[in-house]
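Quick notes on the structure that follows.
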DNA sequence: GAGAGGATCAACT
DNA sequence: GTTGATCCTCTCG
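Set out below in structure tokens:
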């Protein structure tokens with residue numbers, strides 16, 4: 055499995071969010087290779103998006119990586135979970151795309167173990183779940199999606215894409231209704247709806 | 001150095 | 001529908 059071309063990340067954020075669907079996330083974990091196909095994403099449009107951490111060009115130690123080049127990995131902690139993003143847009147424009155769900159492709163035994171023997175549909179059907187199933191944590195903050203051991207690879211063609219409002223954001227004014235969520239239509243591994 | 005809060009999940013009633 | 005878990009970062013002093 056080879057990392058994807060770095061030029062893939064050099065497209066407008068909303069297009070990138072849509073084109074991420076079907077790509078593979080590959081993690082060459084010490085205990086085995088883990089692969090998941092991306093089936094759900096959410097775009098966060100930086101300066102103009104009340105729901106984004108980088109709203110109003112807010113620049114802190116946490117959001118710093120979003121001001122870097124597209125294709126960097128932005129991880130952060132949410133309660134007991136780690137969430138993972140793809141940095142988008144040219145340097146100094148802090149956009150990011152949250153990976154909300156993947157479909158298990160390889161390394162199923164290890165994912166099952168990481169997810170405490172839960173039913174397969176619950177392994178990766180949410181942003182906090184998939185990071186646990188694939189062994190992703192804060193140590194991946196700031197590395198690039200084209201670098202091992204955690205990288206993105208060409209995947210499968212996605213026949214049908216659905217669009218809708220994002221999940222889990224509140225008090226974000228109009229931003230709550232923006233149709234910045236993309237998922238593969240009818241895929242069983244997408245996360246919950248509102 | 002203390003306190004608050006969040007792009008979540010799972011286990012309740 | 002509600003709530004506890006319990007982690008990192010940000011803000012204020």
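In the working numbering, the protein residues as written are 55 to 248. All residues carry an ideal CB built from backbone N, CA and C; glycine is no exception.
Among 90, 66, 64, which one has its Cα closest to the Cα of residue 207?
If we check each option's Cα against that of residue 207, 90 comes out closest.
Q) At what residue ranges does the stretch 62 to 119 contain a whole run of the alpha helix (DSSP H), taking only runs of 4 or more? A) As far as the stretch 62 to 119 is concerned, its whole alpha helix (DSSP H) runs of at least 4 residues are 67 to 73.
>> Which residue wins for smallest C-alpha separation from residue 113, given the options 105, 74, 101?
In response: Of the candidates 105, 74, 101, the one whose C-alpha sits nearest the C-alpha of residue 113 is 101.
Inset, instruction - Say whether the stretch 78 to 85 touches the stretch 144 to 164, bearing in mind that this needs 3 or more beta-carbon pairs closer than 8 Å, one atom from each stretch. - result: Yes, they touch.
Checklist entry - At what residues does the alpha helix (DSSP H) containing residue 155 begin and finish? => result First-last for residue 155: 149 to 160, but that is the beta strand (DSSP E), not the alpha helix (DSSP H).
- Return yes when the C-beta of residue 187 is under 7 Å from any heavy atom of the ligand FMN, and no when it is not. The ligand FMN is not part of this structure, which contains no ligands at all.
Discussion item. Report the CB separation of residue 70 from residue 142 in whole angstroms; it is logged as a contact under 8 Å.
Written reply: Correct: roughly 5 Å between the Cβ atoms.
**Request:** Tell me whether residue 227 is buried or exposed, calling it buried when 16 or more other Cβ atoms sit within 10 Å of its Cβ.
**Result:** Counting of Cβ neighbours within 10 angstroms places residue 227 among the exposed residues, the total staying below 16.
Rounded to whole angstroms, what is the Cα-Cα separation between residue 188 and residue 174? Rounded to the nearest angstrom, the gap between the Cα atoms of residue 188 and residue 174 is 13 Å.
Host beta strand (DSSP E) of residue 204 (start-end): Its beta strand (DSSP E) spans residues 204 to 207.
Checklist entry - Which partner residues does residue 235 have in the DSSP bridge list? => result BP columns for residue 235 point to 96, 218.
Beta-carbon proximity of residue 243 to residue 155, cut-off 8 Å: Yes, the Cβ-Cβ distance between residue 243 and residue 155 is below 8 Å.
Residue 131 (DSSP reduced to helix, strand or coil):
Three-state result, residue 131: strand.
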